[in-house]
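Participant: Below is a structure I'd like to ask you about.
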Amino acid sequence: MKHIISVLVENRFGSLNRVAAMFSARGFNLESISIGETEDPEISRMTIVTRGDDQIINQVLKQLNRLIDTIKVTDLTRQPHVERELLLMTLKLSKTTQHEIFELINVFKGKVVDIKQKSITIEVIGSPDKINTSIDIFKPYGIKELARSGVVAIHRGE
Amino acid sequence: MHTTGQILNGSEIFFECLRRENVEYIFGYPGGSLLKVYETLHDVEDIRHILVRHEQGATHMAEGYARATGKPGVVLVTSGPGATNTVTGIANAYMDSSPIVVFTGQVPSSLIGNDAFQEADIVGITRPITKHNFLVKDVKELAITIRKAFYLATTGRPGPVVVDMPKDVLAATCAFEWPETVEIRGFKPTFKCHKNQIEKAAHKIAKAKRPLLYVGGGVITAEASEELRTLAIKYNIPVTMTLQGLGSFPGNHPLSMGMLGMHGTYWANQAVNNCDLLIAVGARFDDRVTGKIDAFATQAYKIHNDIDPTNVDKNIKVDLPVVGDSKDFLASLLEEMPEKTEDREPWLADIQKWRKKCPLSYTIEPDSLKTEFVIEEVSKQTAGNAVVVTDVGQHQMWTTQFYTFLNPRSIISSGGLGTMGYGLPAAIGAAFGVTDRPIILFCGDGGFMMNIQELVTAVYSRIPIKIFLINNSYLGMVRQWQELFHKEKYSFTDLGDSNPDFVKLAEAFGCKALMADNPENAKEAIKIALDYNEGPVLVDCRVVRKDMVFPMVPAGGAISDMLLARLNPKTMV
Ligand SMILES: Cc1ncc(C[n+]2csc(CCOP(=O)(O)OP(=O)(O)O)c2C)c(N)n1
Ligand SMILES: [Mg+2]
Chain A
20 MKHIISVLVE NRFGSLNRVA AMFSARGFNL ESISIGETED PEISRMTIVT
70 RGDDQIINQV LKQLNRLIDT IKVTDLTRQP HVERELLLMT LKLSKTTQHE
120 IFELINVFKG KVVDIKQKSI TIEVIGSPDK INTSIDIFKP YGIKELARSG
170 VVAIHRGE
Chain B
22 MHTTGQILNG SEIFFECLRR ENVEYIFGYP GGSLLKVYET LHDVEDIRHI
72 LVRHEQGATH MAEGYARATG KPGVVLVTSG PGATNTVTGI ANAYMDSSPI
122 VVFTGQVPSS LIGNDAFQEA DIVGITRPIT KHNFLVKDVK ELAITIRKAF
172 YLATTGRPGP VVVDMPKDVL AATCAFEWPE TVEIRGFKPT FKCHKNQIEK
222 AAHKIAKAKR PLLYVGGGVI TAEASEELRT LAIKYNIPVT MTLQGLGSFP
272 GNHPLSMGML GMHGTYWANQ AVNNCDLLIA VGARFDDRVT GKIDAFATQA
322 YKIHNDIDPT NVDKNIKVDL PVVGDSKDFL ASLLEEMPEK TEDREPWLAD
372 IQKWRKKCPL SYTIEPDSLK TEFVIEEVSK QTAGNAVVVT DVGQHQMWTT
422 QFYTFLNPRS IISSGGLGTM GYGLPAAIGA AFGVTDRPII LFCGDGGFMM
472 NIQELVTAVY SRIPIKIFLI NNSYLGMVRQ WQELFHKEKY SFTDLGDSNP
522 DFVKLAEAFG CKALMADNPE NAKEAIKIAL DYNEGPVLVD CRVVRKDMVF
572 PMVPAGGAIS DMLLARLNPK TMV
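In the order they appear, the protein sequences are chains A and B.
The first sequence begins at 20 in the numbering used here and counts up one residue at a time.
The second sequence begins at 22 in the numbering used here and counts up one residue at a time.
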């Protein structure tokens, strides 16, 4: 099963490396990892997406906790949380497709970030599911390039 | 002694911090990045620097010292090759949870990342084999980093910590500040066991008809032998120990089952198979202990105490996890135990039957020498009071079987990593730490050559270790597997034509040396060696060449399927 794990780590050179290296050393699956500063500049938040049965996820959580640079490890999967991912994508553009593309951007509540004669770059924000769907839908128009941020997630407030 | 607020350079701060950590010995080797440190060291009188002959030796010495004393071992090496030479020793300390702090010199900060002369990314290299590691970027961070390094190495589950110190940091100056306390927000080990879990455990123990204590190195680290002894004896619970746990319970006590696992005793493994309650204390269900997981202790309710939560439910699913310090675990259990427990006599009688069925035995012949005899004789002559260090191989397993360990911190052996070459330096390190007990080394002829250079270190410091070179002129343990499982293809394990004359070799190092090749002269040589305390002494024990260690659980096999003797008598000596 897929799990989203939120990890607060010391905002220090090497912290990301320690986490990533632990995953590869122990053979854990690492689907995505994203990291950024929090409100406290000394602490970063990492969002990790991984897969495994309960026993494996248990080990993942414990091994994360064991790293000295990790301050707090939370499995968000079974708690109320919000998850979002950002997609940037450049599509081929032509007179015939232009109209449809613009309509679809609206459907996905996306934005145009750049437009040229023969290409258009858009952004879509949403759950990983929504991002997957939008990629599928846009594919027939010709994707020239795409980049996904990986998931970031957070507890829902009280 | 320097005072707080005094302006010091990085090297002076380094020694001042070690002083405040009560470091007695540094095992080290100089080099370009450490010139400033060695300049300062020249006038340091209260900390002894031991010059090793290879940096790997320094790490094993530090570990031997740490395991013998319980205090952290300290290593000091230069950048690049000096640092990379420590990798095996660090990995070994990591696998066996030994507290060592390794200080590495580094190229100047401005050159890091430039492929500078003697640069190696030792922080990157050692990340997966250290408990934690640091690169010190500012001299103002040096003292607090050293403080943290010792704290991390020794607190909770111990382990190696690396501190990488660039050359410019060691020369820069700042006002010295010694932090009295350390606070690491990402490191808060649980010492106190959960009361509920203890109550449940006590209840289970009282109700069990066939309980078994399975005890690992954690009990020795936690200094909990006394509590273990009380619990086992008071409630009549037999105790089996891992390689690292030997000595935590006296080997001569009727409740002692010896070691379990691949080369454990038949009766210990039978007890594991038949117990209805397994109480694992400070042990980690290593595959050399469990054999085939699905067949391990299938009838037992399993309680597992460990200070490291990652050890729980890692290899084997347990019924009652109790995270916390093993001393707290055992002491709290003693408080919670009810007066009345189930009768254990029938269980102990079963164990007695297994013990009789397949005892550990060997034959003595007047004109050939057996490793078992040498070890048992040393055990007798030292009355089980020595600190026994081993290398890796057959002689190591025989040591677990034929030396009777009576006290904790009596066996120092590479378990998790199985590092040949560990024994000699580890014995030297142990001898620096412990001077009131004899230090014995049982070492194979293969492994001895892997850190032979450290004999110089022992001779120079007149370290009275007693080296019993178990010389079968074979990489014996590999030969054993070749005979049993690889069609008797003895590929590159016969050292008969290539081994040196070990007596002459030792003498060339300035080490006293003797030879033994039968029980009679072995007995005499052991006596001479034990009485000689002017420096190291080596006894070249020319043992029978093709002996095998039994019983044995084939790798990955169920521990109920032990091989009890050689399958193919035609290859007997
Ligand atoms: C550094 C290292 N290399 C290889 C091995 C694999 N190995 C395990 S036991 C052994 C043979 C050891 O031979 P020896 O030191 O003579 O001891 P014996 O088994 O004969 O007692 C070998 C090669 C190892 N454990 N460590
Ligand atoms: Mg040998």
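Even glycine gets a Cβ: it sits at the ideal position worked out from N, Cα and C.
Quick caveat: nothing in here was measured; it's all calculated off a predicted structure.
Once you ignore the five residues that flank Arg70 (chain A) on each side, which residues in its own chain have a CB closer than 8 Å to its CB?
Facilitator: Sequence index remark: in the first sequence, residue 70 (chain A) carries index 51 (1-based). The residues are Met20, Lys21, His22, Asn48, Glu50.
Participant: Please determine, among B:Ala576, B:Leu267, B:Asn30, the residue with the shortest C-alpha to C-alpha distance to Asp308 (chain B).
Facilitator: Translated into positions along the second sequence, residue 308 (chain B) becomes position 287. It is B:Ala576.
Participant: State the Cα-Cα distance for the pair Asn135 (chain B) and Leu107 (chain A), rounded to the nearest angstrom.
Facilitator: To locate residue 135 (chain B), count along the second sequence from 1; it is residue 114. To locate residue 107 (chain A), count along the first sequence from 1; it is residue 88. Roughly 35 Å between the two C-alpha positions.
Participant: Nearest to Ala44 (chain A) by CA position, among B:His75, B:Pro149, B:Thr99, B:Gly53, is which residue?
Facilitator: Start at 1 with the first residue of the first sequence, and residue 44 (chain A) comes out as number 25. Nearest option by C-alpha distance: B:Pro149.
Participant: Where in the region 538-582 of chain B do unbroken runs of the alpha helix (DSSP H), each at least 4 residues long, occur, reported from the N-terminal end onward?
Facilitator: Correct list: 540-552.
Participant: Using the beta-carbon count (16 or more within 10 Å), is Pro605 (chain B) buried or exposed?
Facilitator: Past the boundaries of the shown model lies residue 605 (chain B); chain B is included only from 22 to 594, so the question cannot be answered.
Participant: By the 10 Å Cβ neighbour count, where 16 or more other Cβ atoms means buried, how is Ala87 (chain B) classified, buried or exposed?
Facilitator: The residue given as residue 87 (chain B) occupies position 66 in the second sequence. Buried, since its Cβ has 16 or more Cβ neighbours within 10 Å.
Participant: Tell me, please, which residues DSSP counts as bridged to Gly53 (chain B).
Facilitator: Counted from its first residue, the second sequence places residue 53 (chain B) at position 32. Per DSSP, none; premise fails for Gly53 (chain B).
Participant: Which residue wins for smallest C-alpha separation from Ala79 (chain B), given the options B:Pro129, B:Leu355, B:Pro342, B:Gly110?
Facilitator: One-based indexing of the second sequence puts residue 79 (chain B) at position 58. Considering only alpha carbons, the answer is B:Gly110.
Participant: Please report the residue range of the alpha helix (DSSP H) in which His118 (chain A) lies.
Facilitator: Position 99 of the first sequence, counting from 1, holds the residue named residue 118 (chain A). Looking at the DSSP string, the run of the alpha helix (DSSP H) that includes His118 (chain A) is 114-126.
Participant: Only counting the same chain, and skipping five residues up and downstream in sequence, which positions put a Cβ closer than 7 Å to that of Ala192 (chain B)?
Facilitator: Working through the second sequence from its first residue, we reach residue 192 (chain B) at position 171. Closer than 7 Å at the Cβ level, and outside the excluded window around Ala192 (chain B), lie Asn30, Gly31, Lys57.
Participant: So which residues on chain B does Asn77 (chain A) lean against when the C-beta distance must stay under 7 Å?
Facilitator: Stepping through the first sequence from its first residue, residue 77 (chain A) is reached at position 58. Those within 7 Å of Asn77 (chain A) in chain B are Asp334.
Participant: For Lys591 (chain B), count neighbouring Cβ atoms within 10 angstroms of its own Cβ and tell me buried if that reaches 16, exposed if not.
Facilitator: Locating residue 591 (chain B) in the second sequence gives position 570, where the first residue counts as 1. Note on Lys591 (chain B): pLDDT 42, under 50, position unreliable in the model; no value is reported.
Participant: Going by DSSP in three states, Thr109 (chain A) sits in which element: helix, strand or coil?
Facilitator: The residue you call residue 109 (chain A) lines up with position 90 of the first sequence. DSSP places Thr109 (chain A) in strand when its eight states are reduced to three.
Participant: Could you tell me which of B:Leu476, B:Gly238, B:Phe270 sits nearest to Ala114 (chain B), measuring between CA atoms?
Facilitator: Within the second sequence, the letter at position 93 stands for residue 114 (chain B). Comparing Cα-Cα distances from Ala114 (chain B) to each of B:Leu476, B:Gly238, B:Phe270, the minimum goes to B:Gly238.
Participant: In angstroms, rounded to a whole number, what distance separates the CA positions of Met593 (chain B) and Met569 (chain B)?
Facilitator: Start at 1 with the first residue of the second sequence, and residue 593 (chain B) comes out as number 572. Start at 1 with the first residue of the second sequence, and residue 569 (chain B) comes out as number 548. Note on Met593 (chain B): pLDDT 39, under 50, position unreliable in the model; the coordinate value appears next. The straight-line gap from Cα to Cα measures roughly 9 Å.
Participant: Let's see if you can read the secondary structure: which residues bound the beta strand (DSSP E) around Asp235 (chain B)?
Facilitator: For this step, residue 235 (chain B) is matched to residue 214 along the second sequence. It is worth fixing the name first, because residue 235 (chain B) is Tyr in this sequence and not Asp. That run of the beta strand (DSSP E) goes 232-236.
Participant: Please state the DSSP three-state secondary structure of Pro187 (chain B).
Facilitator: On the second sequence, residue 187 (chain B) is found 166 positions in, with the first residue counted as 1. Note: Pro187 (chain B) maps to strand in three-state DSSP.
Participant: Take Arg563 (chain B) as the anchor and find which of B:Gly578, B:Ser246, B:Pro540 has the nearest alpha-carbon.
Facilitator: Position 542 of the second sequence, counted from the first residue, corresponds to residue 563 (chain B). That would be B:Pro540, whose Cα lies nearest to the Cα of Arg563 (chain B).
Participant: Could you name the residues of the region 374-386 of chain B whose beta carbon sits closer than 8 Å to any beta carbon of chain A, in the order they occur along the chain?
Facilitator: Taking 8 Å as the Cβ-Cβ cut-off against chain A, none of the residues of the region 374-386 of chain B qualify.
Participant: Step through the CB atoms of chain A and report whether any lies within less than 7 Å of the CB of His325 (chain B).
Facilitator: The sequence position of residue 325 (chain B) within the second sequence is 304, counting from 1. Not one chain A Cβ lies under 7 Å of His325 (chain B).
Participant: Please check the pair Thr151 (chain B) and Gly126 (chain B), which I expect to be a contact at CB under 8 Å, by giving their CB distance rounded to whole angstroms.
Facilitator: As a position in the second sequence, residue 151 (chain B) is number 130, starting the count at 1. As a position in the second sequence, residue 126 (chain B) is number 105, starting the count at 1. No, Thr151 (chain B) and Gly126 (chain B) are not in contact; Cβ-Cβ is about 17 Å, not under 8 Å.
Participant: To the nearest angstrom, report how far apart Ala137 (chain B) and Pro51 (chain B) are at their CA atoms.
Facilitator: Taking the second sequence and counting its residues from 1, the one referred to as residue 137 (chain B) is at position 116. Taking the second sequence and counting its residues from 1, the one referred to as residue 51 (chain B) is at position 30. Distance between the alpha carbons of Ala137 (chain B) and Pro51 (chain B): 18 Å.
Participant: For the beta strand (DSSP E) that contains Tyr495 (chain B), what are its first and last residues?
Facilitator: The residue you call residue 495 (chain B) lines up with position 474 of the second sequence. Looking at the DSSP string, Tyr495 (chain B) is not in any beta strand (DSSP E), and its letter there is neither H nor E.
Participant: The beta strand (DSSP E) with Met283 (chain B) in it runs from where to where?
Facilitator: To locate residue 283 (chain B), count along the second sequence from 1; it is residue 262. No beta strand (DSSP E) contains Met283 (chain B), which DSSP labels as neither H nor E.
Participant: Please list the partners that Pro330 (chain B) has in chain A, where partner means a Cβ-to-Cβ separation under 8 Å.
Facilitator: On the second sequence, position 309 is the one that residue 330 (chain B) refers to. Near Pro330 (chain B) (Cβ distances below 8 Å), the residues of chain A are Lys81, Asn84, Arg85.
Participant: Output yes if chain B places a C-beta closer than 7 Å to the C-beta of Met93 (chain A); else output no.
Facilitator: Counted from its first residue, the first sequence places residue 93 (chain A) at position 74. The amino acid at residue 93 (chain A) is misidentified as Met; the sequence shows Thr. Not an interface residue.
Participant: May I ask whether a heavy atom of ligand 1 can be found less than 6 Å away from the beta carbon of Asn493 (chain B)?
Facilitator: Walking along the second sequence from the start, residue 493 (chain B) turns up at place 472. Asn493 (chain B): yes, Cβ under 6 Å from ligand 1.
Participant: Would you say the beta carbon of Val73 (chain B) is closer than 6 Å to some non-hydrogen atom of ligand 1?
Facilitator: Position 52 of the second sequence, counting from 1, holds the residue named residue 73 (chain B). No, since every heavy atom of ligand 1 falls outside the 6 Å radius drawn around the Cβ of Val73 (chain B).
Participant: Can you name the start and end residues of the alpha helix (DSSP H) that Lys377 (chain B) belongs to?
Facilitator: Working through the second sequence from its first residue, we reach residue 377 (chain B) at position 356. Segment 366-378, the alpha helix (DSSP H) holding Lys377 (chain B).
Participant: I'd like to check one pair, Ala112 (chain B) with Leu438 (chain B): are the Cβ atoms closer than 7 Å?
Facilitator: Position 417 of the second sequence holds residue 438 (chain B). Position 91 of the second sequence holds residue 112 (chain B). Yes, the Cβ-Cβ distance between Leu438 (chain B) and Ala112 (chain B) is below 7 Å.
Participant: Hey, would you say the C-beta of Asp466 (chain B) is under 6 Å away from at least one heavy atom of ligand 2?
Facilitator: What you label residue 466 (chain B) is simply residue 445 of the second sequence in a count that begins at 1. Indeed, a heavy atom of ligand 2 lies less than 6 Å from the Cβ.
Participant: Can you find a C-beta in chain B that's less than 7 Å from the C-beta of Asp72 (chain A)?
Facilitator: Along the first sequence, read from residue 1 onward, the residue named residue 72 (chain A) stands at position 53. No - not a single Cβ of chain B is within 7 Å of the one on Asp72 (chain A).
Participant: Could you round the C-beta distance between Val240 (chain B) and Val302 (chain B) to whole angstroms and report it? I think they count as a contact, below 8 Å.
Facilitator: Locating residue 240 (chain B) in the second sequence gives position 219, where the first residue counts as 1. Locating residue 302 (chain B) in the second sequence gives position 281, where the first residue counts as 1. 6 Å between Cβ atoms; contact.
Participant: Comparing C-alpha positions only, which one of B:Gln373, B:Asp297, B:Pro367 sits nearest to Pro275 (chain B)?
Facilitator: To locate residue 275 (chain B), count along the second sequence from 1; it is residue 254. Among B:Gln373, B:Asp297, B:Pro367, the Cα nearest to that of Pro275 (chain B) is on B:Gln373.
Participant: What does the alpha-carbon distance come out to for the pair Thr115 (chain A) and Lys158 (chain A)?
Facilitator: Along the first sequence, one-based indexing puts residue 115 (chain A) at 96. Along the first sequence, one-based indexing puts residue 158 (chain A) at 139. Roughly 16 Å separates the two Cα atoms.
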